[in-house]
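Contents: one structure, followed by commentary.
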Amino acid sequence: PVQAVPASLSSRDDLPSVAASVAQMAAPVSKTFHGTGTVLRVRYGCRDGSAHGSISSAVEAAQSGATIEVEEGDYVEQLVLSKPVSIKGLGDGVVLKSAGGNTLVTCCSEHVHVVGFKMWQSGGDSSKRGRSSARCVEVFSGQLLLERCTMQSEAGSGLIVADSGSATVKECTMRSCGKCGLLVFDGGNLFCNDSVISGNGLYGMVVQNGGTATVEGNRFGSNKHAGILVHGRTSVCTVRANDISTNGEMGVGVQSGAEVRLERNRITGNVHAGLFVDGDGSRAAVRDCEMLRNGVRGIGVQSGAEVHVQGCSVSSNSQEGLFVSGSRSRATLQDNDLSDNGTKGVGVQSAAVAIIISNRIIRNLEEGVFVSDQGSQATIRDNNVVENGMKGIGVQSCGQVDIDGNLIHNNHREGVYVSGEGSKALIQNNDITENGVKGVGIQDG
């Protein structure tokens, strides 16, 4: 007799498991700092005593809490900020430069504020990685607030945050860096909002090896590999209300046990996947996002990763809306629209597990849901599976499904099609109507 998918797979009680876990992730706190002491003026090359001739000399003279106002000019300096100061560029032409890969701003104090600079770092060794790589700004200790700045590093990254360092980035641009716009690792903590991170040589942002980041209201676009990559156990990222589009491989990548929470993002037109979650222990909770027109699939899950997707539109992707593959890989989908995708709305293969509840799975070019291979299991409950180009639900090659309480209507061929020795389906309490060939088809064992 056909067996139902085990209760442990179909219980609604486990739907929020990933989301609840990821929601408990530590998140950086946005900081606002203001100079409260004396005001010092910097005028490029000034020698008459009316102002400091360099930013470095003003920093050296400043007391804690001072504000340093910098007039327009090209300043070739490397600033080490070891006291609480606020440094403000006056006008649009305050440029900070260095050659040879030298770091432009090093923050190692609490309550440092830098605003209104164009930073350009040239030279450096592009083969170096991590803390050895070139960067415009580094925060390995202390707290930095960076506002309305532009950062470009020829061989490295715009900003690196690591160790006990914490940075808040507001209304900044990290564009055309040789490596990453933002790099957070080894305990570093970043909050970034209302910024543009685009056209970088590797990634828009990387969070790895225990880094923590919250990014909100930003544009991650046209980066070579991914808009955002979160890598490694204890690496945590919250991604909220961003536009993550046209990146070279994926919009957001989650790998090697990292955890990510995505809310209210628009993730479109990336070359491979909108979201790709890969590796044992990697987890993502996705809520109220748009995953549209990505080059292969909206969401990919493999190699023991886990996702919970709720309230999203996953539509018009070139192949699957969501594809989950591999032993221990698991996807939970609830209250989503999965429509107009180039092959399947949902694909479950290679011993993966999917729980699919209360979704609208409509007008996908092939199957609405497709489950195949030994060990692959799906609970499909209370969905509308309508107007798909081939089958509403297809099961083959030892796949196993529990199909309960769905509307399976007006699919081009079968409403449900089960084929191949060892394939099993428990079909109950469904409305299976007006499908093009038959309501339920069973073939080849």
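Start counting the sequence shown at 754; every next residue gets the next number (our numbering).
Where a beta carbon is used, it is the ideal one built from N, C-alpha and C, also for glycine.
Requested in this report: Would you decide whether N1182 is buried or exposed? Buried here means 16 or more other CB atoms lie within 10 Å of its CB.
Outcome: exposed
Query raised in the report: Considering only C-alpha positions, which residue in the set A1037, S1066 and S1068 is nearest to V1054?
Result: A1037
Query raised in the report: With distances taken between CB atoms, is the gap from G1057 to V1067 smaller than 7 Å?
Result: no
Requested in this report: Give the C-beta separation of S1111 and D1135 to the nearest angstrom, bearing in mind that I take them to be a contact with Cβ-Cβ under 8 Å.
Outcome: 5 Å
Query raised in the report: For N971, which option in V959, V949, T965 and Q961 has the closest C-alpha, if you only look at C-alpha atoms?
Result: V949
Query raised in the report: Hey, which unbroken runs of the beta strand (DSSP E) at 3 residues or more fall wholly within the region 836–921?
Result: 839–842, 847–851, 858–860, 865–868, 871–874, 888–892, 896–900, 903–906 and 910–915
Query raised in the report: What are the partner residues of Q1008, as DSSP defines its beta bridges?
Result: H984 and D1031
Query - Spatial neighbours of R901 in its chain, beta-carbon cut-off 6 Å, leaving aside the 5 residues before and after - result: V868, G869 and E924
Query - Among I821, V848 and T856, nearest to L832 - alpha-carbon criterion - result: T856
Query raised in the report: Under 7 Å, do I1109 and V1138 count as touching if we go by C-beta distance?
Result: no
**Report entry** Which of helix, strand or coil DSSP assigns to E1187
**Finding:** coil
Query raised in the report: Which word fits G954, buried or exposed, when buried means at least 16 other C-beta atoms lie within 10 angstroms of its C-beta?
Result: buried
Requested in this report: Entirely within the region 1052–1125 and at least 4 residues each: give me those alpha helix (DSSP H) ranges in chain order.
Outcome: none
Query - C-alpha distance - N1023 paired with Q874, whole-angstrom precision - result: 29 Å
Query raised in the report: Between S839 and A814, what straight-line distance do the alpha-carbon atoms span, to the nearest angstrom?
Result: 13 Å
Requested in this report: Write down the C-beta distance between L899 and S862 rounded to the nearest angstrom, noting that I regard them as a contact closer than 8 Å.
Outcome: With 8 Å as the limit, L899 and S862 do not qualify as a contact, their Cβ atoms being about 14 Å apart.
Query raised in the report: Can the beta-carbon of S1129 be found closer than 7 Å to that of V1101?
Result: yes
Requested in this report: Name the residue from V1171, L1045 and I1185 whose alpha carbon lies nearest to the alpha carbon of N1163.
Outcome: I1185
**Report entry** Segment limits, beta strand (DSSP E) that includes S1172
**Finding:** V1169 to S1172
Query raised in the report: Does DSSP put A814 in a helix, a strand or coil?
Result: helix
Query raised in the report: Which whole-angstrom value describes the C-beta separation of S906 and C930, a residue pair presumed to lie in contact below a C-beta threshold of 8 Å?
Result: 5 Å
Query raised in the report: At a Cβ threshold of 7 Å, is G1057 touching chain B?
Result: Here there is only one protein chain, and chain B is not present.
Query raised in the report: Cα separation between K1097 and R1017?
Result: 24 Å
Query raised in the report: Distance, Cα to Cα, A1026 vs N1047?
Result: 6 Å
**Report entry** Helix, strand or coil at S1150 according to DSSP, with G and I counted as helix
**Finding:** coil
Query raised in the report: To the nearest angstrom, how far is it from the Cα of S807 to the Cα of G790?
Result: 20 Å
**Report entry** Rounded Cβ spacing between E825 and L843 (contact assumed at less than 8 Å)
**Finding:** 7 Å
Query raised in the report: Whose C-beta lies closer than 6 Å to the C-beta of N976 among residues of the same chain, with five residues either side of it excluded?
Result: N953, Y956, G957 and N1000
Query - Test item: CB-CB of M904 and G911 under 7 Å - result: yes
Query raised in the report: Counting along the chain, where does the beta strand (DSSP E) carrying Y828 start and finish?
Result: G826 to V829
Query raised in the report: Any idea if K932 is buried or exposed, counting beta-carbon neighbours within 10 angstroms, 16 or more meaning buried?
Result: buried
Report task. Whole angstroms is fine: what's the gap from K850's alpha carbon to M872's? Result -> 6 Å
Query - Span separating the alpha-carbon of I821 from that of E1002 - result: 42 Å
Requested in this report: Inspect the beta-carbon positions of G1173 and D1197 and report whether they are closer than 7 Å.
Outcome: yes
Query raised in the report: Where N1094 and C1065 are concerned, what is the direct C-alpha to C-alpha distance, given to the nearest angstrom?
Result: 14 Å
Report task. Take F973 as the anchor and find which of T965, G963 and V992 has the nearest alpha-carbon. Result -> V992
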